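Mapping to my numbering: the sequence shown position 120 is 102, numbers consecutive.
No residue lacks a Cβ here, since even glycine has one placed at the ideal position from N, Cα and C.
The structure displayed is predicted, hence computed values, not measured ones.
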Amino acid sequence: MGQKPIEGSNPSLSANPSCHGSASQLTNLTSSPYRKLLICRPGFEAALLEELGDRNVPDTERAPGSPGLVGIGRRQNVPVPICIFERQRLSVNGFIPVEGLKPIAESSVRDVFGSLLKDEPAPWTLHAYAMAEGLGRRISGIANVLLRLASRIQPALEAKQLEPTHIQPDTRVIQLCLTEMGLWHGADAARDLSHPAPGGVGRYRLDPRSPSRSYLKIEEAFDLLGVEPRAGDRVVDLGAAPGGWTLAFLRRGCRVTAVDHGAMRIPAEYADRLTHRRENGLTFGLTDGQPVDWLACDMLIPPGPALGLLRRWVGGKLAHRFICNIKIPQQHPWVAIKPVDDWLRSQKGLRYRIRQTYHDRREVTVMGEW
């Protein structure tokens, strides 16, 4: 799970990071200039480009058509590691300009679904998402039309379609990414996506008893880590108040030591498994010396103090698993977080991820396990 750099040359197309491209650039496309599109939080395109450059991925630029899109060109077919600042990735098969969506031609349907229309189709699923909130209804309509037209060509197609939450690593994922200027489309194996949810936008149910929306951040982190807490697990939650993360552990049957000077707002039914320590999360230490199952930290501390905390808890193997939010600066966030990534990568046997999740704003989430 560690994110390791790969060999290659520095990016050659990122000299103008302020450009999102023009309508003519997209309208005149006969084939996509990109082999991959990476989706990030709008405003973090420069951070993603900077990270790709340090990871030696060449031929990158801001993709035209929408904020939050970074394109990787076709000149060099080097591997692209999962990046901290990407939300989702799409292996591009083509682009349909907006005027080509009214109506949708049969040739476009065949381009989108490819080999699924030729023989008996294998199980597949559809991820349809928009790059702007106002396009949500539009992409749903386009996806329905494409599926209806494709089913006329291959009647067995719809019966083989799976819900996105019920797929296997080798399930084929058809992706539709709608911008104001048109539709990017592509296909990937589920294992090659950077997030299991369409567009990297995880939808999680907020427990009505949760005292804060930070509850959603840790639910997404569990999903990305691929591991959930189990009943009886011992947890230390640093900077716990008012208790959003603590509640996520308690409702799964864990025993939680919540460390914060602030008040906790946790339902009384969990009182017997909750210990509240009014101490500083940065200096708190275990008294019995026994490693805990989980370390949680949502103190939103900068990368420097966060690295010190990770060295002590993770480097000292005082926690088997960990999830930690780190506050990142407005300027050059990749440069700020890179020392944390470098140190984690140096820890042999550690499986980890650093991601700016959908529920993160100006922060990233570090998660991993021994």
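(message) Below 8 Å, how does it come out for the region 189 to 206 and the region 227 to 240: are there three or more Cβ pairs, yes or no?
(response) Touching, per the Cβ criterion.
(request) Using the DSSP secondary-structure output, state which residues sit across from Gln70 in a beta bridge. (result) Looking at the DSSP assignment, Gln70 forms a beta bridge with Ile21.
(request) Determine contact between the region 101 to 118 and the region 38 to 52, defined as no fewer than three beta-carbon pairs at a distance below 8 Å. (result) yes
(message) Classify Arg337: buried if its beta carbon has 16 or more other beta carbons within 10 angstroms, exposed otherwise.
(response) buried
(message) Please return the same chain residues whose Cβ sits closer than 8 Å to the Cβ of Gly96, not counting the five positions on each side in sequence.
(response) Result list for Gly96: Asn75 and Ala169, in chain order.
(request) Can you say whether Lys18 is buried or exposed, counting buried as having 16 or more other CB atoms within 10 angstroms of its CB? (result) buried
(message) By alpha-carbon positions, which one of Asp174, Pro79 and Gly331 ends up nearest to Leu165?
(response) Pro79
(request) Could you check what DSSP says for Lys320 in three-state terms: helix, strand or coil? (result) helix
(request) For Glu202, I'd like the list of residues in its chain whose CB is within less than 7 Å of its CB, leaving aside the five on either flank, ordered along the chain. (result) Gly184, Tyr186, Thr339, Tyr340 and His341
(message) Quick check on Thr228: does DSSP put it in helix, strand or coil?
(response) helix
(message) With a threshold of 8 Å, are at least 3 pairs of Cβ atoms found where one atom belongs to the region 231 to 243 and the other to the region 256 to 269?
(response) yes
(request) On the DSSP bridge assignment, give the partners of His109 in chain order. (result) Gln157
(request) Could you tell me if the beta carbon of Asn126 falls within a distance shorter than 7 Å of some heavy atom in the ligand GDP? (result) As presented, the structure is devoid of all ligands, the ligand GDP included, so that no description of it is given.
(request) Could you tell me the distance, in whole angstroms, from the CA atom of Arg344 to the CA atom of Pro137? (result) 46 Å
(request) Between the Cα of Glu32 and those of Glu43, Arg294 and Arg23, spot the shortest distance and give me the residue it belongs to. (result) Closest option to Glu32, Cα to Cα, is Glu43.
(message) At the level of alpha carbons, what is the spacing between Gly(-10) and Ser73?
(response) In this predicted model, Gly(-10) has a pLDDT of only 30, less than 50, meaning its place in the structure is not dependable; the value taken from the coordinates is given anyway. Distance between the alpha carbons of Gly(-10) and Ser73 is about 19 Å.
(message) Quick check: what's the CA-CA separation for Gly350 versus Arg333?
(response) 5 Å
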